[in-house]
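Asks: In my numbering, the protein residues as written are 1 to 495.
Here it is: the structure, laid out below.
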């Protein structure tokens, strides 16, 4: 009989429920990777990494179904508190009444029991939030590494080490870290892109689907709170613009979960500054009221590395290691961007019961807000289309490009660093017309000053509504792709 042992699961990062029914959506690539390691029958040690709320625990629960598994969630406690609880979980899987009554509580006895459990059938051991344990006892990685090197790597088992503190996970498993040599593979878990998010949102109108993605982003837990049977207005009133709504307090909840690591005040100030369109370091430093650049750097390091809430952007033609004045910082999570632009400034109105007026203001501001989001969607589509082989050339890098005078929303470079694709995005109710086309072409031509532009460079035009006849005639005579929300959400056809 299949036995699944869970000890102290306080909450799943993502347990999407509609009508009381757990939902598991997408994650095909991650499940296939985990299953490959499981079928291999050799011992494997796998880090599963990803920011909080992204669905790592629910992914692992789905993967564990039908397998002999012990799940143990680490706490922010030392080894004397952790070992007895881990021993209880292992003893429960053993089926031995004596062991259940007297579970092991020391390293060697726990390792001996673990080896016994692997003697006949393959075992999956999941240590969730392993950085919590390592933060309280820096000997823990070395102890697991010594056991794995001497004994664990010979067993019929799969050891999954999961964590949300992304930077801490990197430190645990890279370079000369003790566990680095144990790793046999990696499974990163990222937020959904807009196409995967659309599978959860499923609004009848593609524009509503993209708008909802602009509000919620790609975290499955957040997406689960919107229902396609309600209008966007109804969803906002029910799930965001209400003092009783989970998403109303989500930013506070995320920072509360990390309060042991650092004070959230500085992080909130930085996010607020970026949401107010301060995208360069100097303006963020001023707006967030840090007295020194060092203080800002420490907080920014957390927001980018551990929480994944901020991204550092460079023009796509520049090296990722460049230190340039063109560097920009953006809020990477759509829900947090939405919250800081629309919810936090209106909290007093919401708490005084004026949610209807706040929602009116939100919907009135959606066209401007979605402009930047639509650029992000266009970049996601371009990467996915290139990966699926749906573009004339496979792209090596995709991003945006800007100078003081020019700005191109989408730029794709080939393996040689030549410009193979450029694109323009317009989230407007009016069709994209000739004036916008000519302006875009002027900006795109400026790329020739920093990189070679291929003669067969593809033009991708993205518009919320449609394209004028002039633009359609131009596209018919050039290597061009015209995309509205309907085309963006359409499955890629077979080659």
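Ideal Cβ positions, reconstructed from N, Cα and C, are used throughout, including at glycine.
Could you check if residue 478 is buried or exposed, using at least 16 other CB atoms within 10 Å of its CB as the buried criterion?
Replies: By the 10 Å Cβ count, residue 478 comes out exposed.
Asks: Once the 5 residues before and after residue 350 are set aside, which same chain residues still bring their CB inside 8 Å of it?
Replies: Excluding positions up to five away in sequence, the list reads 241, 242, 243, 248, 343 and 358.
Asks: For the segment 418-490, which segments carrying the alpha helix (DSSP H) assignment without a break, of at least 4 residues, lie completely within its bounds, in sequence order?
Replies: Listed in chain order, the complete alpha helix (DSSP H) runs (minimum 4 residues) inside the segment 418-490 are 434-445, 469-476 and 485-489.
Asks: Run through DSSP, which three-state label would residue 492 get?
Replies: Here residue 492 sits in coil by DSSP.
Asks: If I follow the unbroken alpha helix (DSSP H) through residue 82, where does it start and stop?
Replies: Per DSSP, residue 82 belongs to the alpha helix (DSSP H) from 79-94.
Asks: Suppose you measure from the CA of residue 223 to the CA of residue 239; what does that come to, to the nearest Å?
Replies: Cα-Cα distance, rounded: 10 Å.
Asks: By DSSP's criteria, residue 407 is part of a beta bridge. Which residues make up the other side?
Replies: For residue 407, which the question treats as bridged, DSSP gives the partners 402.
Asks: On the CB-based measure, 16 or more other CB atoms within 10 Å of its CB, does residue 491 come out buried or exposed?
Replies: Under this definition residue 491 is an exposed residue.
Asks: Hey, how far is the Cα of residue 161 from the Cα of residue 106?
Replies: Distance between the alpha carbons of residue 161 and residue 106 is about 20 Å.
Asks: Going by the DSSP bridge assignment, what does residue 310 pair with across the sheet?
Replies: DSSP output for residue 310 lists 331 as bridge partner(s).
Asks: Where do the N-terminal and C-terminal ends of the beta strand (DSSP E) with residue 48 fall, by residue?
Replies: Per DSSP, residue 48 belongs to the beta strand (DSSP E) from 44-49.
Asks: Is the CB-CB distance between residue 500 and residue 26 below 7 Å?
Replies: Residue 500 lies beyond the residue range present for the chain, which begins at 1 and ends at 495; the question has no answer from this structure.
Asks: Below 7 Å between beta carbons: does that hold for residue 412 and residue 378?
Replies: Not closer than 7 Å, so no.
Asks: Give the DSSP-derived three-state secondary structure of residue 220 in the structure shown.
Replies: DSSP places residue 220 in helix when its eight states are reduced to three.
Asks: In this structure, does DSSP put residue 21 in helix, strand or coil?
Replies: At residue 21 the pLDDT is 40, less than 50, meaning the model places this residue with poor confidence; the figure from the coordinates comes in the next sentence. Strand at residue 21.
Asks: Identify every residue that forms a DSSP beta bridge with residue 126.
Replies: 71 and 160.
Asks: Could you check the C-alpha separation between residue 49 and residue 300 for me, to the nearest Å?
Replies: Roughly 20 Å separates the two Cα atoms.
Asks: Hey, which unbroken runs of the beta strand (DSSP E) at 3 residues or more fall wholly within the segment 235-289?
Replies: If we require 3 residues or more, the segment 235-289 turns out to have no beta strand (DSSP E) run fully inside it.
Asks: Output yes or no for whether 7 Å exceeds the beta carbon distance between residue 87 and residue 130.
Replies: No, the Cβ-Cβ distance between residue 87 and residue 130 is not below 7 Å.
Asks: Quick one: what's got a C-beta closer than 6 Å to residue 383's C-beta in the same chain, skipping five residues either side?
Replies: These residues qualify, in order along the chain: 398.
Asks: Find the nearest neighbour of residue 94 within the set 340, 125, 194 and 461, judged by alpha-carbon distance.
Replies: Considering only alpha carbons, the answer is 125.
Asks: What is the rounded straight-line gap between the Cα of residue 338 and the Cα of residue 385?
Replies: Roughly 27 Å between the two C-alpha positions.
Asks: Excluding sequence positions up to five away, which residues of its chain have a Cβ less than 7 Å from the Cβ of residue 328?
Replies: Taken in chain order, the residues that qualify are 279, 280 and 313.
Asks: Figure out for me which residue from 84, 108, 77 and 121 has the closest Cα to the Cα of residue 66.
Replies: Closest by alpha carbon: 121.
Asks: Alpha helix (DSSP H) containing residue 291: first to last residue?
Replies: Here residue 291 belongs to no alpha helix (DSSP H), and DSSP marks it neither H nor E.
Asks: So the candidates are 111, 44, 436 and 457; which of them puts its Cα closest to the Cα of residue 417?
Replies: The shortest C-alpha separation from residue 417 is found at 457.
Asks: Alpha carbon to alpha carbon, what distance is there between residue 73 and residue 109?
Replies: So the alpha carbons of these two residues sit roughly 19 Å apart.
Asks: Would you report the Cα separation of residue 128 and residue 31, rounded to the nearest angstrom?
Replies: One C-alpha to the other measures close to 17 Å.
Asks: Should residue 341 be labelled buried (16 or more other beta-carbon atoms within 10 Å of its own) or exposed?
Replies: Its Cβ being crowded by 16 or more others within 10 Å, residue 341 is buried.
Asks: By a C-beta neighbour count over all protein chains shown, 10 Å radius and 16 as the cutoff for buried, is residue 353 buried or exposed?
Replies: The residue is exposed, with fewer than 16 neighbouring Cβ atoms inside 10 Å.
Asks: One question on the structure: do residue 137 and residue 209 come within less than 7 Å of each other, judged by their Cβ atoms?
Replies: Against a cut-off of 7 Å, the Cβ pair of residue 209 and residue 137 comes out as no contact.
Asks: On the three-pair Cβ rule with 8 Å, is the segment 444-460 touching the segment 400-408?
Replies: Contact between the segment 444-460 and the segment 400-408 is present, because at least three Cβ pairs lie under 8 Å.
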